[in-house]
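Chains as they are written, first to last, in my numbering: chain C, 1 to 618; chain X, 619 to 977.
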Amino acid sequence: MAGSFYLHAQDTLKQVMVKERRALTRNEKLESLSVGVTQEQVDTLRKQLYAQQSLADLLMQQSAVFIKTYGVNTLATVSLRGASAAQTTVMWNGFNINNAALGVTDLSQMQLSMFDDIHIQHSASGAILGNATMGGALLLDDNAPQYRKYQQLSLTAGYGSWQSMQGGAQLALGTNISETRVKLAYAQADNDFKYYNPDKQQWQRQQHAHTRGYNILLSQALKAGKRDQLSLKAWLQDNNRELPPLLSQTNSGAAQRTQNLRTTLQWQHDFKASQLQAAAAYFNEKLYYDDDLIGLHTLSPVQTAEGYVQWKKETRQHYVLVGTDARYSSWDGTERAEQRRIAAFLHYRFTTRDEKLKVLASVRAENWATDYTEVMPGLNVAYAVSSWLNVYGNVQKSLRMPTLAELYTYPGGNAQLRPERGWGGELGLNYRIPVTSNLLLSGNWSAFDRNVKDWIVWFGGAVWTPHNISRVHSRGLETNNKLTWNRGPWLAELGLNTAYILSTTEESLIPYDNSIGKQIPYVPRYSGVASVTVGYRSVRLLFSQGYTGYRFYNTDETGAIEPYAVANLHLMYGFNVAGRPWKAIGQVNNLFNASYAVMYDRPMPLRSFGLSLQASIL
Amino acid sequence: MMKKRLVLSLLIVMSMGACVKDKPSGSHPSNPPANRKGGIYIVNEGSLGNNNSALSYYDPAAGQAYEDVFKAANNRSLGDVFQSMTQIDGNFWLAVNNSDKIEVVDTGSLESRHIIALQKPRYILKVGADKAYVTSLFFPLIHIVNTSTFQVTGSITTDYANTEDLLLLNGKVYVTQWDTAANFIYEINPATDQIERRITIAGRASSALAVDKNNKLWVMAGNVTKGKTATLQRIDPVSGNVEQSFTFGAKEDPIRLRFNATLDTLYWIGVDYYGNNSYNGVYRMPITAAQLPAQPFITAQQYQYFWGLDIDPATNIIYVTDPKGFIQKGTVLRYDAAGNLLGNFATGTGPSSCYFFNP
Numbered sequence: 001m002a003g004s005f006y007l008h009a010q011d012t013l014k015q016v017m018v019k020e021r022r023a024l025t026r027n028e029k030l031e032s033l034s035v036g037v038t039q040e041q042v043d044t045l046r047k048q049l050y051a052q053q054s055l056a057d058l059l060m061q062q063s064a065v066f067i068k069t070y071g072v073n074t075l076a077t078v079s080l081r082g083a084s085a086a087q088t089t090v091m092w093n094g095f096n097i098n099n100a101a102l103g104v105t106d107l108s109q110m111q112l113s114m115f116d117d118i119h120i121q122h123s124a125s126g127a128i129l130g131n132a133t134m135g136g137a138l139l140l141d142d143n144a145p146q147y148r149k150y151q152q153l154s155l156t157a158g159y160g161s162w163q164s165m166q167g168g169a170q171l172a173l174g175t176n177i178s179e180t181r182v183k184l185a186y187a188q189a190d191n192d193f194k195y196y197n198p199d200k201q202q203w204q205r206q207q208h209a210h211t212r213g214y215n216i217l218l219s220q221a222l223k224a225g226k227r228d229q230l231s232l233k234a235w236l237q238d239n240n241r242e243l244p245p246l247l248s249q250t251n252s253g254a255a256q257r258t259q260n261l262r263t264t265l266q267w268q269h270d271f272k273a274s275q276l277q278a279a280a281a282y283f284n285e286k287l288y289y290d291d292d293l294i295g296l297h298t299l300s301p302v303q304t305a306e307g308y309v310q311w312k313k314e315t316r317q318h319y320v321l322v323g324t325d326a327r328y329s330s331w332d333g334t335e336r337a338e339q340r341r342i343a344a345f346l347h348y349r350f351t352t353r354d355e356k357l358k359v360l361a362s363v364r365a366e367n368w369a370t371d372y373t374e375v376m377p378g379l380n381v382a383y384a385v386s387s388w389l390n391v392y393g394n395v396q397k398s399l400r401m402p403t404l405a406e407l408y409t410y411p412g413g414n415a416q417l418r419p420e421r422g423w424g425g426e427l428g429l430n431y432r433i434p435v436t437s438n439l440l441l442s443g444n445w446s447a448f449d450r451n452v453k454d455w456i457v458w459f460g461g462a463v464w465t466p467h468n469i470s471r472v473h474s475r476g477l478e479t480n481n482k483l484t485w486n487r488g489p490w491l492a493e494l495g496l497n498t499a500y501i502l503s504t505t506e507e508s509l510i511p512y513d514n515s516i517g518k519q520i521p522y523v524p525r526y527s528g529v530a531s532v533t534v535g536y537r538s539v540r541l542l543f544s545q546g547y548t549g550y551r552f553y554n555t556d557e558t559g560a561i562e563p564y565a566v567a568n569l570h571l572m573y574g575f576n577v578a579g580r581p582w583k584a585i586g587q588v589n590n591l592f593n594a595s596y597a598v599m600y601d602r603p604m605p606l607r608s609f610g611l612s613l614q615a616s617i618l
Numbered sequence: 619m620m621k622k623r624l625v626l627s628l629l630i631v632m633s634m635g636a637c638v639k640d641k642p643s644g645s646h647p648s649n650p651p652a653n654r655k656g657g658i659y660i661v662n663e664g665s666l667g668n669n670n671s672a673l674s675y676y677d678p679a680a681g682q683a684y685e686d687v688f689k690a691a692n693n694r695s696l697g698d699v700f701q702s703m704t705q706i707d708g709n710f711w712l713a714v715n716n717s718d719k720i721e722v723v724d725t726g727s728l729e730s731r732h733i734i735a736l737q738k739p740r741y742i743l744k745v746g747a748d749k750a751y752v753t754s755l756f757f758p759l760i761h762i763v764n765t766s767t768f769q770v771t772g773s774i775t776t777d778y779a780n781t782e783d784l785l786l787l788n789g790k791v792y793v794t795q796w797d798t799a800a801n802f803i804y805e806i807n808p809a810t811d812q813i814e815r816r817i818t819i820a821g822r823a824s825s826a827l828a829v830d831k832n833n834k835l836w837v838m839a840g841n842v843t844k845g846k847t848a849t850l851q852r853i854d855p856v857s858g859n860v861e862q863s864f865t866f867g868a869k870e871d872p873i874r875l876r877f878n879a880t881l882d883t884l885y886w887i888g889v890d891y892y893g894n895n896s897y898n899g900v901y902r903m904p905i906t907a908a909q910l911p912a913q914p915f916i917t918a919q920q921y922q923y924f925w926g927l928d929i930d931p932a933t934n935i936i937y938v939t940d941p942k943g944f945i946q947k948g949t950v951l952r953y954d955a956a957g958n959l960l961g962n963f964a965t966g967t968g969p970s971s972c973y974f975f976n977p
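Listed below in structure tokens is the structure:
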């Protein structure tokens with residue numbers, strides 16, 4: 001987030017060392033990732049301000065990451081460092097939740113209040129996170145359980161433009177041996193916003209865009225004896241949305257419903273000097289698509305079962321994580337299709353005595369039941385040059401197996417598809433400079449480079465088919481910068497996140513392909529967000545100004561969508577009611593009323609407002 | 619502190635120096651010559667959902683192509699999925715399928731004169747003094763449009779959705795029905811708008827029509843992805859009998875049935891979407907042939923899917939469109955009657971047909 005850079009190297013490890021036993025559900029992959037990578041963490045302020053909004057809204061407004069959205073409350077997917085959405089994994093408590101058929105996760109349906117901890121992993125991480133992470137990952141995690149006696153109950157309600165309403169509740173009950181958490185969130189909106197149609201040269205109101213949905217998350221953790229912990233989670237999502245017409249259409253009868261159930265069961269056993277963890281997950285996802293105007297009705301059900309067993313040993317200088325995992329997915333789309341994978345992995349991290357140098361060596365071998373095996377090595381290094389500067393780098397091999405739809409959809413699926421494969425690396429630095437006793441300048445700069453072969457491209461005529469067509473070279477520079485000042489009850493922060501990304505087709509099998517050397521579709525070369533935060537006691541004001549450069553909607557750069565710059569304003573006031581903390585939050589989205597589109601032919605709304613109240617009852 | 623400032627300053631300078639300018643290659647709508655006579659218009663479908671269809675113009679005498687001439691004349695996009703065009707009176711009628719409209723534009727200035735709103739138009743045919751039929755995707759009907767008032771005056775209800783190609787012959791309108799349940803084509807009386815006959819064909823899902831020099835009707839049918847093998851048949855329009863029929867191979871997917879200038883040789887495109895080259899290219903067959911051609915007349919390369927095929931009646935030059943997968947701008951390839959490549963020119967996205975305009 002602009003100005004919310006998370007220093008991952010030494011500070012994190014020290015934090016970890018002092019804990020005797022890290023509690024269950026701590027995503028072990030986060031620990032492995034904490035060396036030599038570029039990682040952002042969403043800060044507490046932004047989690048509070050965006051609690052009633054979606055993950056897509058947060059990332060669009062507060063990061064330089066490109067969110068490809070089809071409009072308000074419509075499909076929104078993430079693209080990191082010039083990769084496709086299918087190459088960027090969304091992980092929930094260590095499990096990949098990208099739909100096994102489509103390969104993406106819709107961030108517009110993910111209400112922020114469902115997650116305690118959100119990290120954006122910019123670096124490719126095939127050796128650590130496995131399949132489909134050559135573009136990085138979005139890591140959504142719950143906090144570790146608090147095995148202490150407590151009760152918490154909070155309620156939220158919000159209202160905003162276009163008849164948008166949100167509501168939610170969170171309940172937590174803790175004892176010395178258990179913790180129960182329930183999270184509920186509901187949101188709906190008509191989304192009948194005004195926009196200007198340049199082809200018809202008139203103002204119009206968005207039609208057929210109503211959406212409503214809810215999220216329910218149940219989490220139960222239990223200590224079984226001194227050395228064992230169990231955790232069970234169940235997350236239900238149900239979202240109904242009407243799909244509005246394009247600018248070039250007169251009307252739409254299309255609608256979509258998604259119903260997702262995701263469950264996980266985890267167990268951890270603490271030995272004297274090591275830990276054993278095992279986990280299983282089951283996901284059941286249904287996507288209904290209906291278009292009453294043309295009489296089209298489809299259902300796409302996907303089921304995924306996944307599990308892992310891993311053993312971890314950690315000392316002051318050595319960290320070892322070794323394990324195996326397996327995944328099975330089935331899709332009853334146009335045809336019944338299945339996909340199986342088994343993998344083994346080993347991570348070893350060495351830290352010098354003075355903790356200045358850390359080296360993480362990883363290897364992961366994946367076997368896919370299409371008789372494809374890939375070994376992905378990785379090397380991460382971080383070095384503290386001085387008290388204010390540390391440098392890092394990594395080299396990773398990554399792959400992305402084709403999705404079930406790419407392989408088996410009919411017509412058009414291509415069972416001969418090979419996985420996309422590539423090597424990537426980056427160099428980066430973190431700086432933390434106390435300018436004065438009240439003023440701190442901190443940040444991260446990273447330069448990356450990645451080559452992916454056998455890049456899958458869908459193209460065709462009456463029938464679209466995916467093929468391993470091209471080689472894509474992605475490289476660029478990302479920065480996170482923050483200037484923080486505080487004195488007494490006052491604080492102020494300036495933040496600047498920037499991204500410069502070139503992601504170009506370098507080779508292609510399409511005859512006379514004019515995309516060679518051109519930017520791939522929907523990857524802006526330039527993006528960024530600047531923010532100003534001012535705080536006084538329990539008041540916080542956050543102003544953010546984002547910019548996204550040209551995006552191309554075809555492969556030869558001849559179709560471009562204009563850059564856009566959108567500003568947003570949030571104001572939060574904390575107060576007590578009966579001794580309990582409450583927060584009132586107001587927001588103005590698109591403060592300066594910019595007329596823009598993220599994707600071609602799909603208008604975005606002008607200025608809008610929202611108000612919400614978060615009340616702690618217990 | 620100096621050292622820290624120096625490091626940061628160096629980083630800023632280095633990063634700014636290495637950047638590429640952020641600007642698009644751009645699409646350049648341009649007006650064709652005002653004094654042009656005839657020429658070739660290219661229908662560019664665009665890619666579905668991107669509102670990037672376009673009308674291009676090519677001057678074969680000068681060898682010059684003009685991009686997006688509708689936008690140049692009207693200062694707005696044409697719409698989503700430009701399916702076909704025809705000339706009616708002094709106007710071009712442009713069927714823009716996913717924008718549910720027909721744009722009526724002046725043949726000289728290309729300025730839009732009327733917009734006719736109707737569902738999912740595919741192909742247009744003038745069938746009477748002031749009447750046109752328009753086939754429709756996804757709907758079981760044929761629109762009836764008054765060509766003087768530009769109003770939709772009614773429709774003809776068909777048995778199934780996806781009416782497709784139309785042809786006027788001997789005072790009757792023949793219409794294909796691209797549905798796997800349909801094993802016929804319609805014969806319609808344009809004076810009464812009544813379906814008078816359903817002429818049975820050898821296959822199912824009729825899609826394309828053509829008339830040879832002997833006034834025989836040729837019908838292409840099939841839907842390979844839905845398991846209906848493609849067929850080609852010659853029908854006597856008077857008796858309604860199938861005089862000769864050909865069945866393609868199970869995976870052979872022919873589209874775009876066309877005749878040469880002398881109406882004695884059929885051409886079509888075979889498309890292989892799966893990256894193989896077993897049936898991929900332009901095929902031709904004289905009307906007297908006893909069997910289908912085994913080899914293409916013009917071979918497409920692997921991952922090259924020809925999409926449009928038209929033969930200039932004045933010159934017999936064959937125009938083949940290559941949409942390059944609808945993900946970038948396409949190309950039109952020009953071949954002589956012997957299949958030799960004469961040249962090519964760039965078009966918009968998804969070129970699907972060439973319209974030869976002889977005023």
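Glycine included, every Cβ here is placed at the ideal spot set by N, Cα and C. Keep in mind that this is a model prediction, so the values were computed, not measured.
By the criterion of a C-beta distance shorter than 6 Å, W235 of chain C is surrounded in its chain by L217, R262, once the five residues flanking it on both sides are discounted. The closest CA to that of L483 of chain C, considering only C:L477, C:G443, C:S508, C:R471, is found on C:G443.
Per DSSP, I803 of chain X is one residue of the beta strand (DSSP E) stretching across 802-807.
L755 of chain X is positioned such that its CB atom lies closer than 8 Å to that of K738 of chain X. Per DSSP, the unbroken beta strand (DSSP E) holding R852 of chain X starts and ends at 846-853. By the rule that beta-carbons nearer than 8 Å mark a contact, S648 of chain X does not touch chain C. Taken through DSSP and simplified to helix, strand or coil, Q416 of chain C comes out as coil. Ranked by Cα distance from T89 of chain C, the first of C:T74, C:S123, C:L58 is C:S123. Taking C-beta separations shorter than 6 Å and ignoring five residues to either side along the sequence, the partners of A530 of chain C in its chain run L496, Q545, following chain order. Shown here for V699 of chain X: same chain residues with a beta carbon closer than 8 Å to its own, the five before and five after excluded, namely E663, G664, L666, S671, V714, N715, N716, S717 in chain order.
Membership of K689 of chain X in the alpha helix (DSSP H) is indicated by the continuous run 687-692. Taking P603 of chain C as reference, the option from C:W331, C:G488, C:Q204, C:H119 with the minimal CA-CA separation is C:Q204.
For the 8 Å CB-CB criterion, E426 of chain C and S446 of chain C form a contact.
The C-alpha of K749 of chain X is placed about 13 Å away from the C-alpha of I774 of chain X. Under the Cβ distance rule, V463 of chain C counts among the residues neighbouring chain X, one pair being separated by less than 8 Å. Here L875 of chain X is buried: its Cβ has 16 or more other Cβ atoms, across all protein chains shown, within 10 Å.
With the criterion set as a beta carbon lying under 7 Å from some beta carbon of chain C, the members of the stretch 826-848 of chain X are T843, in sequence order. Y892 of chain X has a beta carbon lying within less than 8 Å of a beta carbon in chain C.
At a cut-off of 3 residues, the continuous stretches assigned as beta strand (DSSP E) that sit fully inside the stretch 739-819 of chain X are 739-746, 749-754, 759-764, 769-775, 781-787, 790-795, 802-807, 812-818.
For the pair F592 of chain C and R607 of chain C, the Cα-to-Cα distance works out to about 7 Å. Interface residue (Cβ-Cβ distance to chain X less than 8 Å): Q249 of chain C is classified as such. A residue is called buried once 16 or more other Cβ atoms fall within 10 Å of its Cβ, and Q256 of chain C is buried on that count. Residues of the stretch 921-950 of chain X with a C-beta less than 9 Å from any C-beta of chain C: Y921, Q922, Y923, F924, W925, D940, P941, K942, G943, F944, I945, Q946, K947, T949, listed in chain order.
G158 of chain C is bridged by DSSP to C:Q166, C:S612. A direct Cα-Cα distance of roughly 11 Å separates W458 of chain C from Y891 of chain X. Contact annotation, R400 of chain C with P419 of chain C: C-beta distance approximately 6 Å; criterion of less than 8 Å satisfied. Only residues of its own chain outside the window of five on either side were considered, and among them T89, M91, Q121, L129 have a CB closer than 6 Å to the CB of A137 of chain C, listed in chain order. Taking a cut-off of 8 Å on C-beta distances, the stretch 29-43 of chain C does not touch the stretch 168-187 of chain C, as fewer than three cross pairs fall below it.
Taking C-beta atoms as the reference points, G610 of chain C and Q587 of chain C count as a pair closer than 8 Å. Beyond the five residues adjoining it in sequence on each side, Y196 of chain C comes within less than 7 Å, by CB distance, of W203, S595 in the same chain, given in chain order. In this structure, T939 of chain X lies near G926 of chain X, with their beta-carbon atoms less than 8 Å apart.
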